[in-house]
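A short write-up of the structure that comes next.
Number of protein chains: 4
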Amino acid sequence: MIVVMKRESAEEELGQVLKQISEAGLKGHIVHGAERTVIGVVGVVPVLPELKEMLEFAPGVEEIVPITKPYKLSSRELQPQNTVINVGGVTIGDKEMVVIAGPCAAETEKQVMDTAQAVKAAGADILRGGAFKPSTSPYHFRGLGEGGLRLLAQSARETGLPLISEVLTPEDVELVARYADILQIGARNMQNFVLLDRVGKIGKPVLLKRGMSATIQEWLLAAEYILSQGNRQVILCERGIRTFETYTRNTMDISAIPIIHKLSHLPIIADPSHATGKWYLVTPLALAAVAGGANGLMIEVHPTPDRALKDGAQSLTFENFELLMQQVAPVAAAVGRRMRASAASVPASSGG
Amino acid sequence: MIVVMKRESAEEELGQVLKQISEAGLKGHIVHGAERTVIGVVGVVPVLPELKEMLEFAPGVEEIVPITKPYKLSSRELQPQNTVINVGGVTIGDKEMVVIAGPCAAETEKQVMDTAQAVKAAGADILRGGAFKPSTSPYHFRGLGEGGLRLLAQSARETGLPLISEVLTPEDVELVARYADILQIGARNMQNFVLLDRVGKIGKPVLLKRGMSATIQEWLLAAEYILSQGNRQVILCERGIRTFETYTRNTMDISAIPIIHKLSHLPIIADPSHATGKWYLVTPLALAAVAGGANGLMIEVHPTPDRALKDGAQSLTFENFELLMQQVAPVAAAVGRRMRASAASVPASSGG
Amino acid sequence: MIVVMKRESAEEELGQVLKQISEAGLKGHIVHGAERTVIGVVGVVPVLPELKEMLEFAPGVEEIVPITKPYKLSSRELQPQNTVINVGGVTIGDKEMVVIAGPCAAETEKQVMDTAQAVKAAGADILRGGAFKPSTSPYHFRGLGEGGLRLLAQSARETGLPLISEVLTPEDVELVARYADILQIGARNMQNFVLLDRVGKIGKPVLLKRGMSATIQEWLLAAEYILSQGNRQVILCERGIRTFETYTRNTMDISAIPIIHKLSHLPIIADPSHATGKWYLVTPLALAAVAGGANGLMIEVHPTPDRALKDGAQSLTFENFELLMQQVAPVAAAVGRRMRASAASVPASSGG
Amino acid sequence: MIVVMKRESAEEELGQVLKQISEAGLKGHIVHGAERTVIGVVGVVPVLPELKEMLEFAPGVEEIVPITKPYKLSSRELQPQNTVINVGGVTIGDKEMVVIAGPCAAETEKQVMDTAQAVKAAGADILRGGAFKPSTSPYHFRGLGEGGLRLLAQSARETGLPLISEVLTPEDVELVARYADILQIGARNMQNFVLLDRVGKIGKPVLLKRGMSATIQEWLLAAEYILSQGNRQVILCERGIRTFETYTRNTMDISAIPIIHKLSHLPIIADPSHATGKWYLVTPLALAAVAGGANGLMIEVHPTPDRALKDGAQSLTFENFELLMQQVAPVAAAVGRRMRASAASVPASSGG
């Protein structure tokens, strides 16, 4: 931590700041500049994370500049090698591409089963589907609840695909964990800290979506909540951030992918369906994410998107999902990633 | 709802869209323009909120333009007169200014009690203080829990001030409601829909902070969750939105105040402490919010901000809070609002 | 400047960085921390502003943290007392409120003259009006050019009001300066550096609007362009920044007002007409800006806003402008500012 | 255009709006809904683009919803086939990838020539380099001016590469056009309308960067300025937008690439150097842009980035640029694009 003193700060203010630093068990090194004095704070800072805020308020202090990164367990500095997560034989975080696909929400037995079989046939590795759905309006469809979980789990079992499903609230963590192999934390819950704590205590992988207005640092700190409770199986998912642009629902931040790879050992996948909100943008953005280094994709698929109860406009038909898979394969190969066995059977003739 | 067809849309696509509209129990009026055909959709749309998404996907459709506002109970169209909420004799939503003040978090009995007495003396109407604190990092102070609630309730009782405190998760709603007179939903939980449902079922007022990246429409829809569960006592609180500017923690959107007054009957107050993150900006922003029409203010106060365990840099000292109250009074008067009795005794000599 | 070395940086990398600092005529002070080494760079940095970028690239360097503010002439550290600008007897930057009002664009002689007389009668101090208009679309009205300047100058002369008008391009600076008393640089031109240089060489005050996505620091650096060419008469104007919110055209950043007062000695006024784009939000935002410490206001007024060739929806009628002036006066008084003589005759009965 | 009337609008207000529409030579079709009345406005709207603003202000009107896109010449509706631009034999806009590379700014003869030869050898198609540089601070390097243009033109001639260089102000358009084959309009000048008009009148291609906070529609309207002056050779360039994220300089909006392809016939390339501001993010973002459908790339290259006078931290070394070219080739092939002849000789062994 660097403490920047004001130009006109008094000698005794400097002394006072040094005293606070020393009381916190740390050491302050003074550097007198031509215009200002700064203090380099030295020492491990485990007990008093609020020192920064205390010093910010001290008389004579202009600014505090944090140097050490605030996240630890999610940092690549702590763990240089990639975290690889194994879900029913599907690995996430290594050289293989993982494709998660399925409906936004479970609606009927037939819709879930047809979709599961279609995405499996096209080469998907994991089935997605929501039983508890966040919805901006209280008057919209909010999911089938446990009934939906049952439908999803049944289709997962029959197709042999692991299942990922969203959990909205701490009270439902155990329930969702009974049916799903991966628990999803949605963008709106990225800073639902009680929920993060709770999924940090279960023994199943967690997919943590980036909040709509979360910086990359805040995202890694949210992962840190889960990791620090003992659950080291965290998968990050970029799904677009909120900007001034209105043509897309969100702006997909592809740069987050290489940045996460640099800062963290956790795997990162991309969700172009929610990022764009428009089905015809899903494939180009999926290709971009793969080329940018994503460990996988999460794609919404629906038998009849124009009849979907939720997010139809961003869902691919079975046919379009198959086309996406055919286009993804050569791009993945071009950046040195393998599609999994199931996908390998898909002819690699490019679209473009 | 207006359906805009593509320039090159076929006659049978138009027919198909009209069929979908009609199946939803609505009527479509066709307007053939020079360049495009549009369909005006007529009828009340209670059963099928997903019609919009279905139509967006229909062949030949360029765009769907919603006309009816998606929120109902929070809309001024439904209820023209202001909602006025009474909390232990303090009214919120009428011509009187309400001032909520207190520490960010309860830390010790002395800190809470000293602060309660100081803000009461300076003219505050309601005591604020957190026992469950959201924190970006898992390694920071997260509140004293029920012990903190007890301290806060005791100070509230002794000073005669009603108490507002934040609830983070559905499981704690009843607990917090036992101690607090108003439940606060923080910005990060504005779209924690399970929590909104839960506070919609209790008989106490709820203060709903605007999410960091929430549009005004999403905010009113979040309020709609609470209102539609039967709890009509919702107070909105503008606390800054996330923008590209880094000098302040957030950018306070003062225009939200007159906009809410136009769109909704719900009271709106402003929280300049969280909006700016810097104590020396709190008073000018408080004055601006009052001049812009806010029904009240929420201000963080701490006996020794440089020693605060949470958000010290944005807290006012007792002395600065007193100065703020002295400056607020004449501005409130200038826009036709009264400070409450307790504040009336403060000499109205302006600062500026 | 602080150079933060990487955790794993080698000793010779540290030596190399120190060498670069020393070659730039500066001194590096090393602070060895528990986790990292940082270097405090000491000395005045006038010749090599690119040192920061060079060091950023150096092996072993994690990050460069600038300490000294990059703007000098606009900084309050250099000049503690407020800059006060005198335009034909109207002062900007002292305790008096300045109100600039008039049409967005000059359209006809009658429109300009009627508006000038109406705003004068209601207490405005300076006439505004555009002859060269920036327009998002090439197919929209772009102003009357020199003919418009002539109309504006004539109305200014006859009402005795100084005139402010926008200049779009360096070639027109002299032309606009022949007619106008203050030159306006619009938001889209805030980083039109050639234009800034040019207006920095004329002897007339310049009003510099904040760019739509400019940070406060970038804004002060744009002012620095003008100041560093010798023109010290710069007035800043907050007019809203671009955010995700779509209800308003822009989000007015009221906090910019006290921040500018803290960082700089330059006067700052507010333009609620462009910030909101909606006439019914102009008055509440004007009041908020005044309460927040603005030195003045810039308001669009039009005889028949529904017939305006440009920005009608954000213009006030004569009657609404008069109401605004009546509401502004008591708020200005409440924060210790005086309306000018002309406005003093307006009865100070509050609206609210 | 759709006019949405207020719920409580009077019959005579409706009549008045219809009269305004009719006076503008258009026809209004009324649709009476269950809650509101809307008017579909029919007819070509060439003469009165301000009708929208007039109606917005009319009594009884709630909202105006534009239907027709405001840009014409840049729209794919007008011209379905792609615009292909030929610059000295290099085509932009067809199935071939174009790679533009070179230094941010011309500094010395040796630096320019060495870089030109290196990028040519690695397979670049066009040389980039600035002689007039926009700089946030007046104290930073602002380019060598005409001397820089001479150096760049000489290197372009000797390597046989066409040259692109930025023009900052209308007065310099002819000068830059004497030396450069493509004129670049930078992000800060995207709405410098006088400059757009001027480059619309020259006979050379123009590369138009997206403004930092420009929506896609505003960007196409800026292109419309150039096109409507008669210059149909416009290349768009995505270079990142301003968001709340601070890790990167800007957030590259990859979705803009497929969106532009959908809305417009103009070619679009990507500039990952300016979008990220960090050299180690350039290659992943370049790959993502190519996979997302970009017609080309613009990359900053410098012999010694740590000694660059401008934007060193985002420039690639010769070696890193060569690696980038080797990684781009297979991704381009995977999406059905060819690298040009010069690049074909580069071994296509992937990196990843």
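Residue numbers (the working numbering), protein chains in the order written: chain A, 1 to 352; chain B, 1 to 352; chain C, 1 to 352; chain D, 1 to 352.
Glycine included, each C-beta is placed from N, C-alpha and C at the ideal position.
For Asn189 (chain B), the three-state secondary structure derived from DSSP is helix. Ranking A:Pro103, A:Ser22 and A:Glu218 by CA distance to the CA of Ser165 (chain A) puts A:Pro103 first. In this structure, DSSP gives Thr136 (chain D) a state outside helix and strand, which the three-state scheme calls coil. Of all residues in the region 299-331 of chain B, only Gln327, Ala329, Pro330 and Val331 place a beta-carbon less than 9 Å from a beta-carbon of chain C.
In the DSSP annotation of this structure, the continuous segment of the alpha helix (DSSP H) that includes Glu224 (chain B) starts and ends at Ile216 to Ser228. Rounded to the nearest whole angstrom, the C-alpha separation of Val42 (chain D) and Gly160 (chain C) is 47 Å. Only Lys262, Ala275, Thr276, Tyr280, Leu281, Pro284, Leu285, Leu287, Ala288, Ala289 and Val290 from the region 260-290 of chain B bring a Cβ to less than 8 Å from some Cβ of chain C.
When the Cα atoms are used, Ala289 (chain B) and Ala288 (chain C) turn out to be separated by approximately 6 Å. With contacts defined as CB atoms closer than 7 Å, Thr276 (chain C) and Ser255 (chain B) qualify as a contacting pair.
Counting C-beta pairs closer than 8 Å gives three or more between the region 60-73 of chain C and the region 3-13 of chain C, which meets the contact rule. Going by DSSP, Val119 (chain A) is part of the alpha helix (DSSP H) stretching over Glu109 to Ala122.
Judged by beta-carbon spacing, Lys209 (chain C) lies within the 7 Å limit of Cys237 (chain C), meaning their Cβ atoms are closer than that value. Spanning the alpha carbons of Gly89 (chain D) and Phe141 (chain A) requires a straight line of approximately 56 Å. Around the CB of Thr246 (chain D), fewer than 16 other CB atoms lie within 10 Å, so the residue is classed as exposed. Nearest Cα to Pro138 (chain A) within the set B:Val87, B:Glu23, B:Asp197 and B:Asp253: B:Asp197. At a C-beta separation below 8 Å, Val98 (chain B) has no neighbours in chain C, since its nearest C-beta there lies roughly 16 Å away. Judged by pairs of C-beta atoms under 8 Å, the region 172-189 of chain B touches the region 204-222 of chain B, as three or more such pairs exist. For Gly293 (chain D), the closest Cβ of chain B is not nearer than 7 Å.
Taking the Cα positions, Gly143 (chain C) is about 5 Å away from Phe132 (chain C).
Just so you know, the alpha carbons of Trp219 (chain C) and Val99 (chain A) end up roughly 46 Å apart. For Gly93 (chain B) and Gln326 (chain B), the gap between their C-alpha atoms comes out near 22 Å. His32 (chain C) counts as exposed, since fewer than 16 other C-beta atoms from the protein chains shown sit within 10 angstroms of its C-beta.
Out of C:Phe193, C:Ala105, C:Glu107 and C:Ala101, the CA that lies nearest to the CA of Gln117 (chain C) is found in C:Ala101. For Asp253 (chain B), the secondary structure class from DSSP, reduced to helix, strand or coil, is strand.
Between Thr251 (chain D) and Ile241 (chain D), the C-beta spacing is below 7 Å. Counted as a single uninterrupted DSSP element, the beta strand (DSSP E) harbouring Met97 (chain C) occupies residues Glu96 to Gly102. CA-CA distance, Arg150 (chain A) to Ser264 (chain B), rounds to 41 Å. Taking the CA atoms as reference points, Leu78 (chain D) sits about 33 Å from Tyr179 (chain D).
Here His29 (chain A) is bridged, per DSSP, to A:Gly40.
Shown here for Ile39 (chain B): same chain residues with a beta carbon closer than 6 Å to its own, the five before and five after excluded, namely Val3, Gly28 and Ile30 in chain order. Collapsing the DSSP output to three states places Met5 (chain A) in a strand. Within 10 angstroms of the beta-carbon of Glu96 (chain A) lie 16 or more other beta-carbons, which makes it buried. Setting aside the 5 residues that flank it on each side, Leu55 (chain C) is surrounded in the same chain by Val3, Val17, Gln20, Val61 and Ile64, each with a C-beta closer than 7 Å to its C-beta; the list follows chain order. Counting along the chain, Val282 (chain B) sits inside the alpha helix (DSSP H) bounded by residues Trp279 to Ala291. Nearest neighbour of Glu11 (chain A) by Cα position, chosen from A:Gly129, A:Thr37, A:Leu26 and A:Ala24, turns out to be A:Thr37. CA-CA distance, Ile268 (chain C) to Pro162 (chain B), rounds to 40 Å.
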